[in-house]
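Colleague: Quick note, the sequence shown lines up with residues 1 to 544 if you use UniProt numbering.
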Amino acid sequence: MLICSSFGTNIVYICAAIWTVGLCDCHYKRRSSHSCTVSISICMSAFPGDDMGATLADEKPHVVCVPFPSQGHITPMMKLAKVLHRKGFHITFVNTEYNQRRLVRSRGPDAITGLPDFRFATIPDGMPLSDADATQDPESLCYSTMTTCLPHLKNLLHDLNNKSGTPLVRCVVADGLMSLSVDAAVEIGVPCALFWTASACGYMGYHNFRFLIDEGLTPLKDKEQVTNGYMDTPVTHACGMSKHMRLRDFPSFIRTTNRGDVLLNFMIHQLEQSSRATAIIVNTFDELEQPALDAMCTMLPLPIYTIGPLNFLTEQLVPNGDGSDTLALICPNLWREDRSCLEWLQGREPQSVVYINFGSITTMSSQELLEFAWGLANCGYDFLWIVRNDLVKGDVAMLPPEFLEVTKGRCLLASWCDQEAVLHHEAVGAFLMHCGWNSMMEGLSAGVPMLCWPFFAEQQTNSRYACVEWGVGMEVGKDVRREVVEARIREVMGVGEVGREMRRKAVEWSKIAVRATAQPGGRSLANLSSLLEDILLSAVENAG
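Laid out in C-alpha cells, this is it:
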C-alpha cells in the first residue's frame, strides 16, 4: 500500500486496496480491488500545476476522448480534454463526421488543426448524410450511435495504436451516453472512464425510470395525461431525489405512452451499462448535489469523481488570458459566435440586462416565440437574446417588425455567443434559459439568478432543483404567456424580496463553486488529481 499526500490537501491515493470510505467521501470509494505499482515520481506529478508529461519518460500517456455528438456534450468533453492535455496527456478528440464538417464551416479549417499532441479524429454516426447547420434529431441520433458506432470506434482505437509516431492509447474517456466505448476500450485492454456531463440529480432521475415503471406512473395511459394535471402527481420517495419531486420533474422521456420508446429505453440502457466502466466523472461539486451523489455512490461499484464546475476548473488550468495560449483557442462550438454581444453589453448598468438562451437543442412553436418576444418587450429591461435559425420547429425563427421597432435600442438578437463571458459581465442580471446542465453550471458560477423553461431530457429535473432546492430559479411555466414572462422578469430583476433572495442565493452558490475549484484545497481540484492518479496514470503503470 502506498499513500501520498502533498500541498496541504486531503487527497489520499491507495493502491491494492478495497476502499470503504463513508458516503460523505464517496468520490474516493471503491468496492473492487485492483493491484498496481506506483512510483513516487508519478504520484507527486498528479498535483495541480505540475506537468505529468515531464515525469513519464519519453512519451505522454494517450487518452482518447469520445463525446456524445451534440453541442451540449461536446463542450464539456472539450473542457476536460484541455485539462487533461495541460496535465501532460496526449489527446485524441473524436467527433462524428457530421459535427467535424459543422465545426469547419463555423470556425474554418484551422478549427481541427489541433496541436502535435492534441489531435482530432472522426467516426461516422450512421445518420443520413446532411450538411444542415442544425442539431440532429435526438431520437434518431441516440438510436444510431447505439447501434452503429461501436465497430467504427474499435477500428479507430486499433488504427491509433498502429499509427507511427502516436503513443499507444492508455485510456478512453467517453460520454456517459457513449457507454459502448467501454467495449471498445476492453478490446484493446485499457480502462474506460465515463464522463457524465449532466447533473447528478439528472442521473438519479434516469435511474428512477424503472421505479416509475414499476409503480405504474409511466408509460402514460394516454397523451391527455401530459396536460390534464396527472404530471403534477407527487413522487416523494424516489431514490436519491428531492422529496419535492413531481412526476413532471423527472426527465422528459417518461412522457410517452409506449414502453418501447427509443429515448426511454436508451437512457435505461446507458445507466445500466455505466456500472461496467472503470470510473464515473461528474461535472458538479459536492456541496450542490450531495444527496444525489451519495445515492450514486451507494449503487455504483466504482469510484465517482466530482470535478465541477468544469468551466471554473478549465479557466484556472487553461486560462484564455491574452489569447496567446494555443490550447485555450481550440473551440468546439458548432455555431459561429457573434462577437458583438460583449461590445453591446459594455457601458450598460450593472444587473440591468436579461440574457436569454435556450441552448442548442430546444425548439418551440412560432406562437411560443411570439409570447417570449412580447413578454421581453413589455418587461422594460434591456435584453440580449440568442435566437438560433432552427429555434422554431419546422420553420425559420422570425420576429415581427413591430417587435423590433418597440425594442429598438434596448435589444440585441444574435445566433450564438460566448456564453460564459456574457454571464460573467456585470451588466447581466438574469438568465432566461432551458436548464441544460452546462448553462446551469455557468449561471451558478457567475452568480446569476435564472428563469426556467425546461424543454428536454433532465432539464425538467434541473429546473426543479434550481427553483426548490437551490433557491436560484423561478419557473416560467410550460404554457408560455407573455404576461407571465413579463411578470417573472420583473420579479427576478426588481427590488422585491423574491428577487433579492434569488440574487443572494446565486452569489452564495458562486462562492461555493469558486472554493470547490480553488488552489490549493478545492475539493473538485483534489478529485481531479485523484482521477489522474487512480485511473489514468495507473493505466500507464499497469501497461508498462
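Every residue gets a Cβ at the ideal spot worked out from N, C-alpha and C, and that includes glycine.
1) Count the other CB atoms, across all protein chains shown, that sit within 10 Å of the CB of Val-534; report buried if there are 16 or more and exposed otherwise.
2) Can you tell me the Cα-Cα spacing of Trp-437 and Thr-75, whole angstroms?
3) With which residues is Val-282 paired in a DSSP beta bridge?
4) Work out the CA separation of Pro-401 and Cys-171 for me, nearest whole Å.
5) If distances are taken between C-alpha atoms only, which option among Leu-129, Ala-185 and Gln-136 comes closest to Pro-151?
6) What does the Cβ neighbour count give for Cys-239, buried or exposed, with the cut at 16 atoms within 10 Å?
7) Taking the continuous alpha helix (DSSP H) assigned at Gly-443, which residues delimit it?
8) Applying the 10 Å Cβ sphere with the 16-neighbour rule, what's the burial state of Pro-301?
9) Looking only at its own chain, which residues have a Cβ that is under 8 Å from the Cβ of Arg-107, when we skip the five neighbours before and after it?
10) Got a sec? Which residues, its chain only, sit under 6 Å from Arg-276 by beta carbon, not counting five neighbours each side?
11) Do Met-441 and Ala-466 have their CB atoms nearer than 7 Å?
12) Report the residue from Lys-505, Leu-180, Ala-427 and Val-406 whose alpha carbon sits nearest the alpha carbon of Met-267.
13) Could you tell me if Leu-532 is buried or exposed, where buried requires 16 or more neighbouring beta carbons within 10 angstroms of its beta carbon?
14) Arg-488 and Glu-371: beta carbons closer than 7 Å?
15) Taking the beta carbon of Ile-91 as the centre, do at least 16 other beta carbons fall within 10 Å, making it buried, or is it exposed?
16) Is it true that the CB of Ser-510 sits closer than 7 Å to the CB of Ser-439?
17) What does a CB cutoff of less than 6 Å around Val-282 pick up in its chain, not counting 5 residues either side in sequence?
18) Tell me which residue opens and which closes the alpha helix (DSSP H) that Asp-183 is part of.
19) If you measure between the beta carbons of Arg-490 and Cys-379, is that distance less than 7 Å?
20) Confirm, please, whether the CB-CB distance from Gly-205 to Phe-250 is below 7 Å.
21) Looking at the structure shown, is Gly-229 part of a helix, part of a strand, or coil, going by DSSP?
22) Just the C-alpha distance for Val-476 and Val-428, rounded to the nearest angstrom, thanks.
23) If I'm right that Ile-123 touches Val-94 with Cβ under 8 Å, what's the distance once you round it to whole angstroms?
24) How many angstroms separate the CA atom of residue 559 from the CA atom of Thr-284?
25) Along the chain, where does the beta strand (DSSP E) that runs through Asp-175 open and close?
26) Applying the criterion that 16 or more other CB atoms from any shown protein chain within 10 Å of the CB defines a buried residue, is Glu-187 buried or exposed?
27) By the three-class DSSP mapping on this structure, what secondary structure does Val-498 have?
28) Can you say whether Thr-298 is buried or exposed, counting buried as having 16 or more other CB atoms within 10 angstroms of its CB?
29) What does the Cβ neighbour count give for Met-398, buried or exposed, with the cut at 16 atoms within 10 Å?
30) Rank Pro-303, Phe-89, Met-364 and Ala-377 by C-alpha distance to the C-alpha of Val-480 and give the top, closest one.
31) Is the region 339-351 touching the region 112-126 in the sense that three or more CB pairs, one from each, lie closer than 8 Å?
32) Do the CB positions of Phe-456 and Ser-252 come within less than 7 Å of each other?
33) With DSSP as the reference, please indicate the residues paired to Leu-115 in a beta bridge.
34) Among the candidates Asn-311, Glu-541 and Leu-537, whose CA atom is the shortest distance from the CA of Lys-87?
35) Would Cys-360 pass as a contact of Thr-135 if the rule is Cβ separation under 7 Å?
36) What whole-angstrom Cβ distance do Cys-192 and Ala-174 have, given they're in contact under 8 Å?
Modeller: Judging by the given coordinates:
1) Before going further, note that residue 534 is Asp rather than Val in the sequence given. Buried, by the Cβ-count rule.
2) As the crow flies, the alpha-carbon of Trp-437 is around 11 Å from that of Thr-75.
3) The partner list for Val-282 (beta bridge, DSSP) reads Trp-196 and Thr-306.
4) Cα to Cα, the separation comes out at about 54 Å.
5) When only C-alpha atoms are compared, the closest one is Ala-185.
6) Counting Cβ neighbours within 10 Å, Cys-239 comes out exposed, since fewer than 16 surround it.
7) Its alpha helix (DSSP H) spans residues 437-446.
8) A residue is called buried once 16 or more other Cβ atoms fall within 10 Å of its Cβ, and Pro-301, having fewer, is exposed.
9) Counting only residues of its own chain and dropping the five nearest sequence neighbours on each side, Arg-107 has a CB closer than 8 Å to the CB of Cys-331, Asn-333 and Arg-336.
10) Taking C-beta separations shorter than 6 Å and ignoring five residues to either side along the sequence, the partners of Arg-276 in its chain run Val-182, following chain order.
11) For Met-441 and Ala-466, no; Cβs fall outside 7 Å.
12) The option with the nearest alpha carbon to Met-267 is Leu-180.
13) Counting the other CB atoms within 10 Å of its CB gives Leu-532 a total of 16 or more, which places it among the buried residues.
14) No, they are not a contact pair.
15) Burial call: buried.
16) The answer is no: Cβ separation not under 7 Å.
17) Answer for Val-282: Trp-196, Ala-200 and Thr-306, listed in chain order.
18) It spans 180-188 - the alpha helix (DSSP H) in which Asp-183 sits, taken as one unbroken run.
19) Going by C-beta atoms, Arg-490 is nearer than 7 Å to Cys-379.
20) With contacts defined as CB atoms closer than 7 Å, Phe-250 and Gly-205 qualify as a contacting pair.
21) DSSP places Gly-229 in coil when its eight states are reduced to three.
22) Cα to Cα, Val-476 sits roughly 19 Å from Val-428.
23) Right, their Cβ atoms sit about 6 Å apart.
24) Coverage of the chain is limited to positions 1 through 544, which leaves residue 559 absent and any answer about it impossible.
25) Element bounds for Asp-175: 169-175.
26) The residue is exposed, with fewer than 16 neighbouring Cβ atoms inside 10 Å.
27) DSSP places Val-498 in helix when its eight states are reduced to three.
28) Label assigned to Thr-298: exposed.
29) So Met-398 ends up on the exposed side.
30) Nearest option by C-alpha distance: Met-364.
31) Cβ pair count under 8 Å is below three, so no.
32) In contact: Phe-456 and Ser-252 (Cβ atoms closer than 7 Å).
33) Its beta-bridge partners are Phe-118.
34) Nearest of Asn-311, Glu-541 and Leu-537 to Lys-87, Cα basis: Leu-537.
35) Before going on, a small fix: residue 360 reads as Ser here, not Cys. Remark: C-beta atoms of Ser-360 and Thr-135 approach each other more closely than 7 Å.
36) In this structure, Cys-192 and Ala-174 form a Cβ contact; the two beta carbons are roughly 6 Å apart against a cut-off of 8 Å.
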